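Quick note: the sequence shown uses UniProt numbering, first residue 1, plus one each step. Have a look at the structure below, then the notes.
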Amino acid sequence: MTDLTFYTNPQSRGQIIRWMLEEVGVPYETEILTYGGSMTAEPYKSINPMMKVPAIRHRGTVVTEVAAICAYLADAFPEAGLAPALTDRADYYRFLFFASGPLEMTFSLKAIQYDPPADKQAMFGHGSEARTFAALETMLTGRDYACGDRFTAADLYVASQLGFMMTFGMIEGTPLLKAYVARCTDREAYRRAKQIDTEAAEAMKTDAS
């Protein structure tokens, strides 16, 4: 038994937290949940009333929402070096919450093939797809990572979102963004996480057949 439990589905945003956990490098248990099944029933419904994954339970405390889990794990396990010092977190927080706000909104709307018309963009937190990616390009120009020359949990989240969109053909990606994603994902923890989730997804297909 460990004091860290990870609730996920291998075909979800839980892949981001799987990568984060592999970066942290501490033992954890995984509970695989099914859409429309165990994800919407007790006991998980009490863990996350939103009935979605991912979530973690660490020493009896539940954390949900991808950005919150990334930030929590980086702070809970500082030896992994996934967050800057408290006095140097401006860019870290900016990128982390850009990913959970404008970039996540762009991802979700892109999935349903909707981009707000010009007269409605002020109603959306990201404005538009074009504005979001233009802003991200500007923010990343002249730096390897969100915090300059070091990889952090903020990069893990931003690169995951971009990687999903590129993998599924939602965006082509500019040379700058492609290089950024390649740089961030060229890590052993990322490769381990992908293998674990790929195998878990295949096991779920076998069990369902």
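Ideal Cβ placement from N, Cα and C applies to all residues, glycine included. Keep in mind it's a predicted model, so treat the numbers as computed, not measured.
- prompt: Distance, Cα to Cα, ALA68 vs ALA134?
  reply: 25 Å
- request: Identify which residue in TYR92, GLU65, PRO116 has its Cα closest to the Cα of ASP149.
  value: TYR92
query: What are the start and end residues of the beta strand (DSSP E) that includes ILE32?
result: 29-32
Backbone CA spacing between GLU137 and LEU162 [nearest angstrom]: 12 Å
query: In angstroms, rounded to a whole number, what distance separates the CA positions of ASP88 and GLY173?
result: 29 Å
field: Beta-bridge pairing of PHE124 - partner residues as DSSP gives them
entry: According to DSSP, PHE124 bridges with nothing at all.
task: Using only alpha-carbon positions, find the residue among TYR44, VAL26, ALA208, MET204 that is nearest to MET78.
output: Note on identity: in this sequence residue 78 is Pro, with Met being the wrong assignment. That would be VAL26, whose Cα lies nearest to the Cα of PRO78.
query: Using the beta-carbon count (16 or more within 10 Å), is LEU140 buried or exposed?
result: buried
message: Measuring only the C-alpha atoms, how far is THR64 from ALA153?
response: 16 Å
query: Roughly how many angstroms lie between the CA atoms of PRO84 and PRO116, to the nearest whole one?
result: 35 Å
task: Could you give the DSSP three-state label for PHE77: helix, strand or coil?
output: coil
message: The beta strand (DSSP E) that contains ALA55, what's its start and end?
response: 55-58
message: What does the alpha-carbon distance come out to for the pair SER46 and ALA55?
response: 12 Å
message: By DSSP's criteria, GLY148 is part of a beta bridge. Which residues make up the other side?
response: TYR145
- request: Less than 8 Å between the CB atoms is what I'm expecting for VAL24 and ALA80, so what's the real figure, rounded?
  value: 5 Å
query: What does a CB cutoff of less than 7 Å around ILE171 pick up in its chain, not counting 5 residues either side in sequence?
result: MET165
Nearest residue (CA-CA) to LEU33, options ILE17, ILE16, MET51, GLU22: MET51
field: Own chain, CB closer than 6 Å to LEU4, minus 5 neighbours either side, in chain order
entry: TYR28, HIS58
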